[in-house]
Amino acid sequence: MRHPDLARLVEHFYGQARQDPMLAPVFARITDWPHHFRALSAFWATQLRGRGLYRGVPIAVHHAMKDQLTPAMFDRWLALWDASTAQVMEPQDAAALQAHARRIAAVMQKAMFE
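Quick note on the working numbering: the sequence shown kicks off at 36 and runs consecutively.
What follows is the structure in structure tokens.
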């Protein structure tokens with residue numbers, strides 16, 4: 036999976052998420068979308084390759100927003116992610132990204148809600 040493909044996916048997905056009635060309020064606070072797109076593209080490249088440029092701590096970021104997030108929002112995020120990956124990526128890459136996102140979501144939800 037190439038980084039440009041991930042960048043295209045990230046931009047497509049967040050374009051959808053920013054219009055989603057449930058998720059849009061969470062993303063409304065982001066003011067520098069080009070920076071956010073680069074960071075998220077680096078995150079996914081790092082996740083899939085086991086190394087990379089991303090140096091953030093996503094669990095800490097999401098935990099800081101705990102009062103604004105619900106398990107239903109994670110489900111909605113995953114549904115949009117599945118649709119976006121299926122639309123933008125090759126089938127085998129979409130399946131890998133979907134499975135990885137589910138693992139990440141499970142870890143985050145456990146850290147936040149249990």
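For each residue, glycine too, the CB sits at the ideal point set by N, CA and C.
- The beta carbon of Met124 sits closer than 7 Å to those of Asp40, Leu44 and Leu132, all from its chain and outside the five residues before and after it, given in chain order.
- Lys145: member of the alpha helix (DSSP H) spanning Pro126 to Phe148, first to last residue.
- Bounds of the alpha helix (DSSP H) holding Met108 are Pro106 to Val123.
- Residue ranges of uninterrupted alpha helix (DSSP H) with 4 or more members, entirely inside the stretch 62-103 and ordered along the chain, are 68-84 and 93-99.
- Check the Cα spacing between Leu104 and each of Ala74, Pro60, His135 and Arg90: the tightest is with Pro60.
- If you compare the alpha carbons of Arg37, Arg53 and His47 with that of Met108, the shortest gap goes to Arg53.
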